[in-house]
Each structure stands twice: as structure tokens, then as C-alpha cells.
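Q: In the working numbering, the protein residues as written are 21 to 208. Note that CB positions come from ideal geometry on N, CA and C, so glycine has one too. Small disclaimer: the values here were computed from a predicted structure and weren't measured.
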């Protein structure tokens with residue numbers, strides 16, 4: 021079985037490969053453009069992307085979208101996380117959080133998978149807090165300012181540990197369970 025991981029980030033393909041090892045699923049990196057609709061919901065962005073790809077005749081693929089949702093900022097940056105990271109970065113988020121005592125936030129990852137004509141959409145989450153300053157050198161994006169355990173930032177923990185607790189790791193785990201179920205149903 022072969023699945024195209026549609027992304028501009030080759031690191032995501034390696035992450036999927038690790039999780040699906042032993043299932044007989046070959047992950048192939050594919051850069052296929054599709055419009056990401058403007059919506060406040062990750063699931064809507066993913067579902068509309070899946071619909072567009074299927075209209076182009078593409079099947080057996082995975083796409084995903086992620087975001088950081090900060091409670092005291094009304095869920096901002098949310099689905100606009102990538103754009104906000106590029107424009108104001110972590111320093112901008114920390115300025116917006118200056119003087120805020122409730123620093124709770126949640127990372128969310130929505131994955132859409134089209135496999136053998138069946139669509140599966142899963143959402144993984146990781147609850148935590150926005151730290152008062154950036155810390156660590158690992159990871160990327162908001163990792164230096166987000167902590168799942170209120171002690172270490174995502175940028176301070178090893179990648180394998182992060183993958184076990186992160187929003188993407190949780191979402192991939194849910195997808196893996198769905199795929200195992202679907203593969204076992206399809207066997208004679």
C-alpha cells in the first residue's frame with residue numbers, strides 16, 4: 021500500500037514513516053498544491069483540501085494542518101499559526117501575552133487521509149501553557165514558547181519524547197489505529 025504525504029515539509033514524511041512502520045504502508049513525499057481555505061476550524065481546512073485533491077483525481081494521500089490556540093487570545097493564532105509565526109514570531113506572541121496570568125494553550129493537528137476511497141479525519145491535541153520566554157534549541161515554530169508539562173518547552177525535550185506527547189504525534193496515533201482497523205476489515 022502506498023500513501024502520498026502531501027506537504028512541503030519532508031520531515032513530516034519521516035515522522036509518518038516511523039509511526040506506520042510494520043503496517044506495509046509506503047509513504048511518498050508529494051508536493052501537490054491545493055488551496056487552503058480561510059476558516060477558523062482546522063477540520064474545515066483539511067476537509068476542503070481533501071475535496072479539492074480528490075476533484076483533481078488524486079487518491080491515497082495524507083494532508084494535515086496544525087495550529088496553536090491560546091485561550092486568553094480567543095484561540096489566536098489558531099489556523100493562522102504559520103502566517104503569524106512568519107510575521108510576528110514567538111517574540112510577538114510573548115508581547116501579546118505580557119501581563120497575562122492564564123497562559124493556557126492547546127496545540128491541535130488535524131490529519132485527513134484518503135485511503136482506498138475512504139476518507140478519515142482525526143484531530144490530535146496537546147494541552148499546555150505559553151512560557152514567559154523562549155527556551156531551547158530543538159524543534160521549530162512555537163516549540164520554544166510552549167510547554168506541555170509546565171517545566172520544559174517543546175524545544176528543550178528530545179524529539180522522540182516530543183513525538184509521544186505532541187498534537188501531531190497524537191493525531192498520527194489516532195490515524196494509525198483507524199488504518200489498522202480499516203486494513204483488518206479489508207482482509208479476506
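(1) Using only alpha-carbon positions, find the residue among 114, 59, 25 that is nearest to residue 45.
(2) Is it buried or exposed, residue 103, if we count other Cβ atoms within 10 angstroms and call 16 or more buried?
(3) Rounded to whole angstroms, what is the Cα-Cα separation between residue 72 and residue 54?
(4) Would the segment 81–89 and the segment 122–141 be scored as touching if the rule is three or more Cβ pairs under 8 Å?
(5) Which runs of the beta strand (DSSP E) spanning at least 3 residues fall entirely within the segment 101–160, listed in chain order?
(6) DSSP three-state call for residue 21: helix, strand or coil?
(7) Identify whether residue 40 lies in helix, strand or coil by the three-state DSSP scheme.
(8) Write down the C-beta distance between residue 147 and residue 186 rounded to the nearest angstrom, noting that I regard them as a contact closer than 8 Å.
A: Taking the definition as stated:
(1) Measuring C-alpha to C-alpha distances from residue 45 to each of 114, 59, 25 identifies 25 as the nearest.
(2) Exposed, since its Cβ has fewer than 16 Cβ neighbours within 10 Å.
(3) One C-alpha to the other measures close to 7 Å.
(4) At 8 Å Cβ cutoff, the stretches touch.
(5) List check, beta strand (DSSP E) in window: 124–135, 138–150.
(6) Of the three classes helix, strand and coil, the one that applies to residue 21 here is coil, per DSSP.
(7) Residue state, collapsed to three classes: helix.
(8) Not confirmed; about 11 Å, so no contact.
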